[in-house]
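Student: Using this note's numbering, the final residue of the sequence shown is 432, and nothing's skipped along the way.
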Amino acid sequence: MPQKVTIENGKLNVPDNPIIPFIEGDGVGKEIWKNAQPVIDRAVEKAYQGKRKIEWKEVLAGEKAFNQTGSWLPDETMNAFREYLIGIKGPLTTPIGGGIRSLNVALRQDLDLYTCLRPVRWFKGVVTPLKEPEKVNITVFRENTEDIYAGIEWMQGTDEAKKFYKFLHDEMGVTKVRFPETSSFGVKPVSVEGTERLVCAAIDYALVNNLPSVTLVHKGNIMKFTEGGFKTWGYAVAEREYGDRVFTMQQWEKIKKEKGETEANKILEEAKASKKLIVKDIITDAFLQNSLLKPTDYSVIATLNLNGDYASDQLAAMVGGIGIAPGANINYETGHAIFEATHGTAPDIAGKDIVNPSSLILSAVMMLEYIGWNEASDLIINGLESMFSNGEATVDLARFMDNGNSLPTSRFCAALKETL
Ligand code: NAD
13 MPQKVTIENG
23 KLNVPDNPII
33 PFIEGDGVGK
43 EIWKNAQPVI
53 DRAVEKAYQG
63 KRKIEWKEVL
73 AGEKAFNQTG
83 SWLPDETMNA
93 FREYLIGIKG
103 PLTTPIGGGI
113 RSLNVALRQD
123 LDLYTCLRPV
133 RWFKGVVTPL
143 KEPEKVNITV
153 FRENTEDIYA
163 GIEWMQGTDE
173 AKKFYKFLHD
183 EMGVTKVRFP
193 ETSSFGVKPV
203 SVEGTERLVC
213 AAIDYALVNN
223 LPSVTLVHKG
233 NIMKFTEGGF
243 KTWGYAVAER
253 EYGDRVFTMQ
263 QWEKIKKEKG
273 ETEANKILEE
283 AKASKKLIVK
293 DIITDAFLQN
303 SLLKPTDYSV
313 IATLNLNGDY
323 ASDQLAAMVG
333 GIGIAPGANI
343 NYETGHAIFE
353 ATHGTAPDIA
363 GKDIVNPSSL
373 ILSAVMMLEY
383 IGWNEASDLI
393 INGLESMFSN
403 GEATVDLARF
413 MDNGNSLPTS
423 RFCAALKETL
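(1) To the nearest angstrom, report how far apart Leu409 and Val202 are at their CA atoms.
(2) Using beta-carbon positions only, say whether Pro131 and Met330 come within less than 8 Å of one another.
(3) Per DSSP, Pro30 forms a beta bridge with which residues?
(4) Quick one: what does DSSP say His348 is sitting in, helix, strand or coil?
(5) What is the rounded straight-line gap between the Cα of Arg64 and the Cα of Glu172?
(6) Hey, out of Asp28, Ala92, Lys268 and Leu396, whose CA is closest to Gly62's CA?
(7) Tell me whether the beta-carbon of Leu316 lies closer than 8 Å to the beta-carbon of Glu155.
(8) Is Pro192 a contact residue of the ligand NAD, with contact defined as CB to any heavy atom under 7 Å?
(9) Could you give the uninterrupted runs of the beta strand (DSSP E) lying entirely in the segment 88-131, keeping only those of 3 residues or more?
(10) CA-CA distance, Asp87 and Tyr344?
(11) Would you kindly work out how many angstroms separate the C-alpha atoms of Asp216 and Ala314, rounded to a whole number?
(12) Using C-beta distances below 8 Å, list every residue in its chain close to Ala427, excluding the 5 sequence neighbours before and after it, in chain order.
(13) On the DSSP letters alone, give me the boundaries of the beta strand (DSSP E) that Pro50 sits inside.
(14) Which runs of the beta strand (DSSP E) fall wholly inside the segment 254-326 and span at least 3 residues, in chain order?
(15) Apart from the five residues on each side of it in sequence, which residues of its chain come closer than 8 Å, Cβ to Cβ, to Phe176?
(16) Out of Lys58, Trp45, Gly137 and Gly232, which has the shortest C-alpha to C-alpha gap to Val71?
(17) So Arg252 and Leu219 are supposed to be a Cβ contact under 8 Å. How far apart are they, rounded?
(18) Helix, strand or coil for Trp385 per DSSP?
(19) Can we say the segment 384-397 touches the segment 149-164, given the rule of at least three CB pairs closer than 8 Å?
(20) Do Ala340 and Ile350 have their CB atoms nearer than 8 Å?
(21) Looking at Trp84 and Leu115, is the spacing between their C-beta atoms short of 8 Å?
(22) Answer yes or no: the CB of Glu253 versus the heavy atoms of the ligand NAD, is any distance below 7 Å?
(23) Apart from the five residues just before and just after Cys128, which ones in its own chain have a Cβ nearer than 7 Å to its Cβ?
(24) Between Ala77, Ile31 and Glu352, which has its C-alpha nearest Ile373's C-alpha?
(25) Is His355 helix, strand or coil by DSSP?
(26) Pop quiz: Leu289 and Trp264 are said to be a contact at Cβ under 8 Å. What is the actual Cβ separation, rounded to whole angstroms?
(27) Which class does Glu75 belong to by DSSP, given the choice of helix, strand or coil?
(28) Per DSSP, what are the beta-bridge partners of Pro338 in this structure?
(29) How is the alpha helix (DSSP H) around Ile215 delimited, first residue to last?
(30) Please name the residue in Pro33, Trp134, Pro30 and Lys147 whose C-alpha comes closest to that of Ser371.
(31) Going by beta carbon distance, what residues of the same chain come within less than 7 Å of Asp309, once the five residues before and after it are set aside?
(32) How is the beta strand (DSSP E) around Leu228 delimited, first residue to last?
(33) Just tell me which of Ser375, Ile52 and Pro103 has its CA closest to the CA of Glu36.
(34) Alpha carbons only, please: which of Thr431, Lys58, Ala59 and Thr140 is nearest the one belonging to Met413?
(35) How about Leu450: is its Cβ closer than 7 Å to a heavy atom in the ligand NAD?
(36) Mind checking Ala55: buried by the 16 CB within 10 Å criterion, or exposed?
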């Protein structure tokens, strides 16, 4: 009988027939969902011989919701995600016009989905701008609720902007605003709690998956109390909560000061040899450069919202672009998680049966891993690997492959389903 996924003491209870809400999505969303869902169902059926099955429950958002109900994001949809914990969604049109929030941002904020999780890996056969894309295997933990993305900003010339500047100038003694009359203002909140929960999620993930390092990516050299705070609080929580299981580069610095660099390096090597998780940090601009030059230096990264936005897309491009980049927004305490295609509605190719469904399919893979159905997720991964290495792909990828065979979305999914 179909049942809800629940959470108890931080552990998910997943029934054999979990009810999982899905949003088909706008633009290309419809054709992606129609073709991808049978692939996911087949993988589950094959992995568990019919013992397990997802009970999909459609919920509305975006244009389809607006046309049917007059609301872009109906309450029933929010309630379904709240109640069933886990959901999956296609891309949604961002409504243009006053007062309507981005639907994606609304979902993330209302459910407090503080981690934006983006695993970035390469599939054999996919052509990328890198010479050695096989070296890229990086998982991004992007903070999703704070930073300059909190939406606290005022347009230049408004009463609010003037009032805010007056407060800065008169009360806070700020004299550094170069053009106060014509400046817009934004506020960048970064908290200890927000940092700690994100960094802990990244460390937990690295420990569970036996990964070598977590890197805190920040601009603390310039924004000392926000981005710099992220680094300081991140190191502090790692040392406080994980003790001997981690070795931080902050500890390395301390040993270096007290006993010299040789001793510090010796202890670092011992920590690596005993499979301790190394927690380190890097300035964002250096990360963007180094991840291209030396991608093997990075395994899991934890970063603030804006850095994470840039980094995720650069990393995605390094392994073949947004068509195959999956994502999830997760609150590990409440269990709420929404898995999503990371690209937009691609209106230029909608209805043509050429869209690449891999981003949504790989998001479903992440969802299956999240609920512990790894046998099913492995089948899909293996299937995609085999398709891509044979040159079988949608046109966006196939056109760059030497042996590329451009398949329509429907044929690509049908072939993938057969391959499983
Ligand atoms: P887009 O991602 O829709 O398209 C950018 C380009 O990439 C287009 O040329 C498109 O054809 C191509 N593309 C995207 N996904 C592809 C796929 N799976 N296979 C092959 N090609 C693909 O970005 P955009 O044009 O800036 O945005 C269109 C709409 O989507 C806007 O309303 C935007 O707000 C929305 N959007 C939604 C999300 C989301 O729901 N997560 C994300 C980004 C943009």
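The beta carbon of each residue, even a glycine, is placed where N, CA and C say it ideally should be.
Tutor: Reading off the structure:
(1) The residue labelled residue 409 in the question sits at position 397 within the sequence shown. The residue labelled residue 202 in the question sits at position 190 within the sequence shown. For Leu409 and Val202, the gap between their C-alpha atoms comes out near 39 Å.
(2) As a working mapping, residue 131 is identified with position 119 in the sequence shown. As a working mapping, residue 330 is identified with position 318 in the sequence shown. In this structure, Met330 does not lie closer than 8 Å to Pro131 by Cβ.
(3) Here residue 30 is taken as the residue at index 18 of the sequence shown, counted from 1. For Pro30, the pairing in a beta bridge is given by DSSP as Gln15.
(4) Taking the first residue of the sequence shown as 1, we reach residue 348 at position 336. Coil, per DSSP.
(5) Reading the sequence shown from its first residue, position 52 is the one you call residue 64. Reading the sequence shown from its first residue, position 160 is the one you call residue 172. Distance between the alpha carbons of Arg64 and Glu172: 55 Å.
(6) Walking along the sequence shown from the start, residue 62 turns up at place 50. Nearest of Asp28, Ala92, Lys268 and Leu396 to Gly62, Cα basis: Asp28.
(7) Within the sequence shown, residue 316 is the residue found at index 304, counting from 1. Within the sequence shown, residue 155 is the residue found at index 143, counting from 1. Yes, they are a contact pair.
(8) Residue numbering aside, residue 192 sits at position 180 when the sequence shown is read from its first letter. With a cutoff of 7 Å, Pro192 does not count as near the ligand NAD, since its C-beta is closer than that to no heavy atom of the ligand.
(9) Annotation: the segment 88-131 contains the following complete segments of the beta strand (DSSP E) (minimum length 3 residues), in chain order: 98-101.
(10) In the sequence shown, counting from the first residue as 1, residue 87 sits at position 75. In the sequence shown, counting from the first residue as 1, residue 344 sits at position 332. Taking the straight line from one Cα to the other gives about 23 Å.
(11) The residue you call residue 216 lines up with position 204 of the sequence shown. The residue you call residue 314 lines up with position 302 of the sequence shown. Cα to Cα, the separation comes out at about 12 Å.
(12) Indexing the sequence shown from 1 puts residue 427 at position 415. Around Ala427: Met399, Glu404 and Leu419.
(13) Within the sequence shown, numbered from 1, the residue matching residue 50 stands at position 38. From DSSP, Pro50 is part of no beta strand (DSSP E) but of the alpha helix (DSSP H) over Gly41 to Tyr60.
(14) Given a length threshold of 3 residues, each whole run of the beta strand (DSSP E) inside the segment 254-326 is given here in chain order: 258-260, 289-295 and 312-315.
(15) Within the sequence shown, the letter at position 164 stands for residue 176. Listed in chain order, the non-local C-beta contacts of Phe176 below 8 Å within the same chain comprise Trp166 and Phe197, local neighbours out to five positions each way being set aside.
(16) One-based indexing of the sequence shown puts residue 71 at position 59. Here the closest residue by C-alpha is Trp45.
(17) On the sequence shown, position 240 is the one that residue 252 refers to. On the sequence shown, position 207 is the one that residue 219 refers to. Actually they do not touch by this definition, with Cβ atoms about 15 Å apart.
(18) For this step, residue 385 is matched to residue 373 along the sequence shown. Coil, per DSSP.
(19) Judged by Cβ distances under 8 Å, the segment 384-397 makes no contact with the segment 149-164, as fewer than three pairs qualify.
(20) Numbered from its first residue, the sequence shown carries residue 340 at position 328. Numbered from its first residue, the sequence shown carries residue 350 at position 338. With respect to the 8 Å criterion, Ala340 and Ile350 are classified as neighbours on the basis of their beta carbons.
(21) To locate residue 115, count along the sequence shown from 1; it is residue 103. To locate residue 84, count along the sequence shown from 1; it is residue 72. Result yes, Cβ atoms of Leu115 and Trp84 sit closer than 8 Å.
(22) For the purposes of this step, residue 253 is taken as residue 241 along the sequence shown, with counting starting at 1. No, Cβ of Glu253 sits at least 7 Å from all heavy atoms of the ligand NAD.
(23) As a position in the sequence shown, residue 128 is number 116, starting the count at 1. Within the same chain, Cys128 has close Cβ partners Arg154, Asn156, Gly320, Gly339 and Asn341.
(24) As a first step, residue 373 is located in the sequence shown; it is residue number 361 there, counting from the start. For Ile373, the nearest C-alpha among the options comes from Glu352.
(25) Residue 355 sits at position 343 when you count from the first residue of the sequence shown. In the structure shown, His355 adopts coil according to DSSP, grouped into three states.
(26) In the sequence shown, counting from the first residue as 1, residue 289 sits at position 277. In the sequence shown, counting from the first residue as 1, residue 264 sits at position 252. The pair is not a contact, with the Cβ atoms about 14 Å apart (cut-off 8 Å).
(27) Locating residue 75 in the sequence shown gives position 63, counting from the first residue. Note: Glu75 maps to helix in three-state DSSP.
(28) Reading the sequence shown from its first residue, position 326 is the one you call residue 338. In DSSP, Pro338 forms a bridge with Ala353.
(29) Locating residue 215 in the sequence shown gives position 203, counting from the first residue. Residues Val204 to Val220.
(30) By 1-based counting over the sequence shown, the position of residue 371 is 359. Out of Pro33, Trp134, Pro30 and Lys147, the CA that lies nearest to the CA of Ser371 is found in Trp134.
(31) The residue you call residue 309 lines up with position 297 of the sequence shown. The beta carbon of Asp309 sits closer than 7 Å to those of Asn302, all from its chain and outside the five residues before and after it, given in chain order.
(32) The sequence position of residue 228 within the sequence shown is 216, counting from 1. In the DSSP assignment, Leu228 falls within the beta strand (DSSP E) that extends over Ser225 to His230.
(33) In the sequence shown, counting from the first residue as 1, residue 36 sits at position 24. Of the listed residues, the one whose Cα sits closest to Glu36 is Pro103.
(34) Counting from one through the sequence shown, the residue named residue 413 turns up at place 401. Ranked by Cα distance from Met413, the first of Thr431, Lys58, Ala59 and Thr140 is Thr140.
(35) Since the first and last residues shown for the chain are 13 and 432, residue 450 lies out of range.
(36) Locating residue 55 in the sequence shown gives position 43, where the first residue counts as 1. Around the beta-carbon of Ala55, 16 or more other beta-carbon atoms lie within 10 Å, marking it buried.
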